[in-house]
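Numbering (full-length UniProt numbering), first residue to last: 1 to 167. Some notes on the structure that comes next.
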């Protein structure tokens, strides 16, 4: 894996600040690749009922994937295998365009779990259209950590990290 040098702003390193960095990178290919010449612009639905959606690049193909339909939750579940790994990419697709929030509420209210949704998938040839995407998330944890009782670490007067770092 390649490592990249990161330049930090000096104010991030000022006394009293703490910088926690954690990265999870999964650079995986689909086991069965989508053809580049079958990637095209497509209307992608929005959760905003007043929106007509947005145009995105969509990967398209007929792939044999793990699949099942759950009539109670009104979803289809697909597992797209990743090349050379025992990992898969799971998609839970509501039958209704605005059904994402309903599925979330139903999962919380029922005995069904994500593990249940990912179980008993049947290999099936499925026509898939998936928007090209990247997942990226930045979390600001100072208030969360303080609410958990980690308060001294955020004060220049009381923070003592001498046992975990040496300069």
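Even for Gly, the Cβ is constructed at its ideal location relative to N, Cα and C.
By the three-class DSSP mapping on this structure, what secondary structure does residue i have?
i: residue 114; result: helix
i: residue 28; result: coil
i: residue 106; result: helix
i: residue 95; result: coil
i: residue 133; result: coil
i: residue 152; result: helix
i: residue 100; result: helix
i: residue 1; result: Summary for residue 1: the model assigns pLDDT 43, below 50, so the residue's position carries little reliability; its value from the coordinates is reported in the next sentence. Of the three classes helix, strand and coil, the one that applies to residue 1 here is coil, per DSSP.
i: residue 160; result: coil
i: residue 34; result: coil
Would you kindly check if the distance between the Cβ of residue j and the Cβ of residue i is under 9 Å?
i: residue 28; j: residue 97; result: no
i: residue 76; j: residue 92; result: yes
i: residue 83; j: residue 31; result: yes
i: residue 79; j: residue 141; result: no
i: residue 36; j: residue 55; result: no
i: residue 125; j: residue 90; result: no
So the alpha helix (DSSP H) residue i belongs to, where does it begin and stop?
i: residue 145; result: 142-147
Measuring alpha carbon to alpha carbon, tell me which of the options ends up nearest residue i.
i: residue 88; options: 65, 102, 94; result: 65
i: residue 81; options: 123, 38, 152; result: 123
Got a sec, what are the start and stop residues for the beta strand (DSSP E) residue i sits in?
i: residue 40; result: 40-44
i: residue 81; result: 75-81
i: residue 48; result: Neither: residue 48 is in no beta strand (DSSP E) and is coded neither H nor E.
Is residue i near the ligand MN, in the sense that its beta carbon is under 8 Å from a heavy atom of that ligand?
i: residue 139; result: This structure simply doesn't include the ligand MN, nor any ligand for that matter.
inquiry  = Taking contact to mean 3 or more Cβ pairs, one atom from each stretch, closer than 8 Å, check whether the stretch 58-77 and the stretch 102-119 are in contact.
reply    = yes
query = Between the stretch 125-145 and the stretch 52-68, do three or more beta carbon pairs fall short of 8 Å?
reply = yes
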